[in-house]
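**Q**
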Amino acid sequence: MYTESEKMNGNEENMKRFFVNKRTALIFSAMFLLASIISILELKDDIKADNGTGTIGLSVDYRSPEDIRNYIANYGTEEDADVVYDEKPMDTKPYSLGKLSKGTLESALKLLNQMRYIAGIPYDVELSGRYNELAQAASVVSLANGDIDHNPKMPKGISDSLYRLGKDGASKSNLGMGYRSINSSLISYMEDGGYNKDRVGHRRWILNPAMKKTGFGFATDSKSYGYTAHYALDSSGSSKYNSPIVWPAQNMPVEYVNDSYPWSISLGYEINISDIHVELVRISDNKTWKFSSASSDGYFTVDNRGYGQKGCIIFIPNMGYNDGRAEYMDGDKFRVTVKGLKHKLSYQVSFFNLHPKDVSYKTKANNKNKLSYNGKKVKFNSDTKNENIKTAKQQKFGKKTVFLSRNNKRIFSVNMKNKCKYILMYSSGKDMAKFKIINLNIKTPVIKQLKPGKTYYVKLCAVKSSKIKWGKVRKIVVK
């Protein structure tokens with residue numbers, strides 16, 4: 006599991022996340038965010054939008070689930086794309102800047118614009134050579150220090166020019182430590198939970214409508230700890246924006262959220278928390294959560310600091326396990342109504358599966374097998390009879406994972422029990438020194454994006470109370 010810590014330096018705030026594994030030393034995953042005041046943006050009119058959901062006061066562009074799927078299919082990228090260098094930075098004295106490949110930089114930019122597209126705001130942010138250089142230098146200085154700071158000290162053995170460049174970049178960037186890629190850090194910034202939930206600042210910077218240009222950096226040490234930077238302080242785009250920006254968006258991929266995911270509404274002007282009343286209603290069963298400074302059915306706050314836009318309402322509903330619905334699901338629809346603002350605000354959030362659900366299927370592999378999915382026959386081929394994992398395209402968007410084996414001991418499966426939360430940890434290293442943790446929300450979980458030819462190690466935990474107890478490590482061979 007993980008804990009989180011934070012340190013503050015004036016208007017600059019740093020947040021570190023670190024995971025503790027009993028079998029390893031601490032593995033740190035950290036994010037730093039710089040707060041800077043951008044000009045106050047004010048709503049001019051009581052804006053109304055008609056997208057068939059009764060929305061009032063929200064004029065961001067409406068993106069349907071099909072719009073979002075099409076955009077990602079045509080312009081999207083992998084959420085954990087590998088980092089490739091044209092020139093790898095030197096990770097020991099005297100250190101060197103290095104240079105990320107064009108593909109790596111463009112992949113990070115695509116993911117940033119993808120999030121902005123889903124939110125309905127301008128999604129034409131461009132790369133800046135200067136910002137890339139500043140972010141790359143900030144990443145190298147962080148690596149040399151073995152830490153991240155918006156005002157970093159000068160590491161021993163580094164040149165004055167590289168340090169000055171990195172210090173300048175660090176003062177204007179979101180900084181991360183412990184990520185395996187730039188893209189994975191961006192996904193984490195968009196979540197902004199835990200100790201960052203009181204401001205969701207990383208998210209607000211990424212969704213800053215005034216951003217037009219950005220840059221990215223990444224550097225790794227000998228232990229493969231990634232230090233990354235995302236240049237955040239550009240405001241060369243439109244200086245005026247007359248709509249609140251909401252996240253989760255009006256149509257939201259369920260794959261991006263979890264039961265503790267903060268909801269945010271950025272307004273562009275300061276607000277008083279005592280004036281604000283939020284009502285969240287799940288439309289299917291009319292279950293209602295209410296939030297105010299006096300009483301809340303979950304976490305609630307208001308933040309007026311200048312992370313992109315001033316004036317942000319933040320709330321997290323207590324989902325609870327008593328009704329067996331402790332997570333957001335495909336098809337869930339929620340109505341959000343806010344009172345106490347300058348203008349009326351009411352909108353609907355609909356969760357949907359970005360990709361069709363994964364299907365697990367055990368059989369002896371041969372070329373004649375077929376998989377039935379949603380009443381349609383999907384063919385797949387197998388080159389060998391001892392194949393463990395194959396993929397078959399089942400719909401236009403995404404690949405489905407099919408488990409094939411003659412030896413069931415090689416198949417990792419979980420029998421889910423009702424009213425019990427499960428957490429799964431997996432790693433490509435036997436010592437699990439670097440790992441990923443996922444929450445299991447389906448009865449037959451499937452681990453996606455495994456690489457052919459690699460061995461993975463997996464262990465499971467059932468969370469029934471505050472005590473955490475991991476099961477035995479299992480091995481998966483991907484051929």
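In case it helps, the working numbering puts the sequence shown at residues 6 to 484.
Positions of the beta carbon are idealized from the N, C-alpha and C atoms, including for glycine.
Just verifying my parser: in three-state terms, what is the DSSP assignment at S351?
**A** strand
**Q** On the DSSP bridge assignment, give the partners of R185 in chain order.
**A** DSSP, once it has assigned bridges, lists no residue as partnering R185.
**Q** Output the distance between the C-alpha atoms of Y194 and K161, rounded to the nearest integer angstrom.
**A** 30 Å
**Q** Counting Cβ pairs closer than 8 Å, one from the segment 304–317 and one from the segment 268–277, do we hit at least three?
**A** Segments in contact, yes.
**Q** Just to confirm, is the Cβ distance from G171 to A142 under 8 Å?
**A** yes
**Q** In this structure, does DSSP put R208 in helix, strand or coil?
**A** helix
**Q** For E71, does the count of other Cβ atoms within 10 angstroms reach 16, so buried, or fall short, so exposed?
**A** With fewer than 16 other Cβ atoms within 10 Å, it is exposed.
**Q** If I follow the unbroken alpha helix (DSSP H) through P267, where does it start and stop?
**A** Here P267 belongs to no alpha helix (DSSP H), and DSSP marks it neither H nor E.
**Q** Which residue spans inside the segment 144–204 form an unbroken beta strand (DSSP E) run of at least 3?
**A** 178–182
**Q** What does a CB cutoff of less than 8 Å around G81 pick up in its chain, not counting 5 residues either side in sequence?
**A** K115, L116 and Q119
**Q** Of the choices V251, S190, L212 and K202, whose alpha-carbon is the least far from that of F221?
**A** S190
**Q** Can you name the residues that DSSP bridges to V341?
**A** L285 and Y352
**Q** Measuring only the C-alpha atoms, how far is D154 from H207?
**A** 15 Å
**Q** The alpha helix (DSSP H) with K292 in it runs from where to where?
**A** Counting along the chain, K292 falls outside any alpha helix (DSSP H), though it belongs to the beta strand (DSSP E) covering K292 to F296.
**Q** To the nearest angstrom, how far is the alpha carbon of N156 from that of S176?
**A** 6 Å
**Q** Based on DSSP bridge pairs, tell me the residues matched to R479.
**A** V463
**Q** Kindly give me the distance between the Cβ atoms of Y352 and V251, rounded to whole angstroms, as I take these residues to be in contact under 8 Å.
**A** 7 Å
**Q** Counting along the chain, where does the alpha helix (DSSP H) carrying I278 start and finish?
**A** No alpha helix (DSSP H) holds I278; DSSP gives it neither H nor E.
**Q** Pull up the distance between the alpha-carbon of I321 and that of S265, whole angstroms please.
**A** 6 Å
**Q** In whole angstroms, what is the alpha-carbon distance linking S178 and L139?
**A** Their Cα atoms are separated by approximately 9 Å.
**Q** Would you list the one or two residues that DSSP bridges to S301?
**A** F296
**Q** Give the DSSP-derived three-state secondary structure of G231 in the structure shown.
**A** strand
**Q** By how many angstroms is the C-alpha of N188 removed from the C-alpha of N19?
**A** Because the pLDDT at N19 is just 35, under 50, the model does not fix this residue reliably, and the point stays unresolved.
**Q** Would you mind listing the beta strand (DSSP E) stretches within the segment 62–95 that are 3+ residues and don't spill past its ends, in chain order?
**A** 90–92
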